[in-house]
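Written below as structure tokens is the structure these notes are about.
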Amino acid sequence: MPKSLNAREILDALVGFPTVSRDTNLPLIDWVDAYLTGHGIRCHRHIKADDPSKAALFAHVGPEQEGGVVLSGHTDVVPVDGQPWSTDPFTVTERDGKLFGRGTTDMKGFDALAIWALVEAHRRGVKRPLQIALSFDEEIGCTGAPPLIEAMQGTVPRADTVIVGEPTMLKAVTGHKGSKMFWVHVHGFEVHSSIMHTGVNAIMYGAKLIDWANRMNAEEAAKTPGPVAALFDPPYSNTHVGQISGGTAHNITAKDCEFGIGFRVVPGDSLDEWEDRLRAAAGEIEASMKAVRPETRIDITRTSTLPPFKPEQDGKAETLVRQLTGDNGTQHVSYGTEASHFQAVGYSVVVCGPGDIAVAHQPDEYITVDQFSQGQAFMERLLDHLQT
């Protein structure tokens, strides 16, 4: 049996794997698998269907019965490219009461605590089951969660409570916005820029759709928020463009323009309706393009869909976390998590984890030593709960 590591040692190991979403996560999965297996815990993998360089992992300890608790985390992190880090992002560096490193907050801090808790639960022989579920591709639309959840069904006893450990400062979050993400490819027609009226500049027509997004945001922001929307910051559904590329040279009308566009939608608003609005706006722009060159077009590809996470009435997960933390506040967030995918198939879910979302994805991302310690105390209380 390998040496039992403490949670900080596990965190050091996890951060050391550069599991940026565009790259493989298999070295990390191999390490977790070997560590848990070495402690007598059987692990299960789900390989990504169209990319065998990525895998999810889940495991069960305790009685072979239904009704356990799932600790849900993701293994991927966002890139560090172009960010001015003052430390090695893939080495945990402790300074001024903070643990710096990519993923320390989002969300390898929770993953490390969950792995530690699973080994402890197995060692102590808990009376109620504990499971871990580690996904891939959370950072690119939470697309890895549905196949992971499906793989768990019938492989391990079905739990009834899920704690998704995204950073919430260990507060119970019971609702978040839904989202739909798209990739837009504007196909223009190249001519010399001196006769640009005879061609179709894909960038300039793409800008019309981006300006539509700006107008939608302004319209939504001007509305008086309803009681549900008022729980969020911002208190409305919004549209965002975060990447764009295109063009060949300054004196050529751009043949291509590509960009991502997405919606974060408050519960009660329709994700499908927002998609319809996008496609209608693109259709109007495309018609004006075709009036100049009929072979031009706008392609829109949906890349991910995340349903809203809705508060549950007397939810088991919320009740459990409030018992463990003493938090009785109402918390809703605008970022998305895998909670809604678990909720969609009947689990009771709450989002609760150590760390501050405000430093996630930032250069010099960190989790405070105090928050990590409080996360350890949270897991200790959970283990005590599973013993009774």
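The opening position of the sequence shown corresponds to residue 0 in numbering that gives the first Met the number 0, with each subsequent residue numbered one higher. Glycine residues also receive a C-beta, built at the ideal position from the N, C-alpha and C atoms. What you are looking at is a predicted structure, and each value in this text was computed from that prediction instead of being measured.
DSSP places residue 213 in the helix class (H, G or I) of the three-state scheme. For residue 255, the enclosing beta strand (DSSP E) covers residues 255-264. Pairwise C-beta distances place the stretch 119-134 in contact with the stretch 148-160, as three or more of them are shorter than 8 Å.
Bounds of the alpha helix (DSSP H) holding residue 371 are 368-386. Unbroken beta strand (DSSP E) runs of no fewer than 3 residues, entirely contained in the stretch 318-361, are found at 330-332, 347-350, following chain order.
In this structure residue 201 touches residue 253 by the C-beta definition: roughly 4 Å separates them, less than 8 Å. Listed in chain order, the alpha helix (DSSP H) elements of length 4 or more contained wholly in the stretch 97-177 are 107-123, 144-151. Annotation: the continuous alpha helix (DSSP H) that includes residue 278 extends over 270-289. Here residue 162 is not near residue 35, since their CB atoms are 9 Å or more apart. Per DSSP, reduced to three states, the secondary structure at residue 294 is coil, with no helix or strand assignment.
No Cβ-Cβ contact shorter than 9 Å links residue 165 with residue 304. Within a 10 Å sphere around the beta-carbon of residue 20 sit 16 or more other beta-carbons, which makes this residue buried.
With a cut-off of 8 Å on Cβ pairs, the stretch 78-85 is not in contact with the stretch 323-339, counting fewer than three such pairs. Secondary structure at residue 31: helix, using DSSP grouped into helix, strand and coil. Listed in chain order, the non-local C-beta contacts of residue 63 below 7 Å within the same chain comprise 156, local neighbours out to five positions each way being set aside. Distance check between residue 225 and each of 193, 279, 268, 257 places 268 closest, using alpha-carbon atoms only. Here residue 50 is exposed, its C-beta having fewer than 16 other C-beta atoms within 10 Å. For residue 44, the enclosing beta strand (DSSP E) has its first and last residue at 42-46. Closest in alpha carbon position to residue 250, among 240, 238, 195, is 195. Ranked by Cα distance from residue 48, the first of 315, 149, 180, 368 is 149. For the 9 Å CB-CB criterion, residue 140 and residue 180 form a contact.
Residue 379 and residue 104 have their C-alpha atoms spaced approximately 19 Å apart. For residue 356, same chain residues with a beta-carbon under 6 Å away, outside a window of 5 residues either side, are 166 in chain order.
By alpha-carbon distance to residue 265, the top candidate from 258, 273, 259 is 273.
Cβ neighbours of residue 368 within its own chain (closer than 8 Å, five residues either side excluded): 93, 96, 97, 98. Counted as a single uninterrupted DSSP element, the stretch harbouring residue 21 is not any alpha helix (DSSP H), since DSSP gives it neither H nor E.
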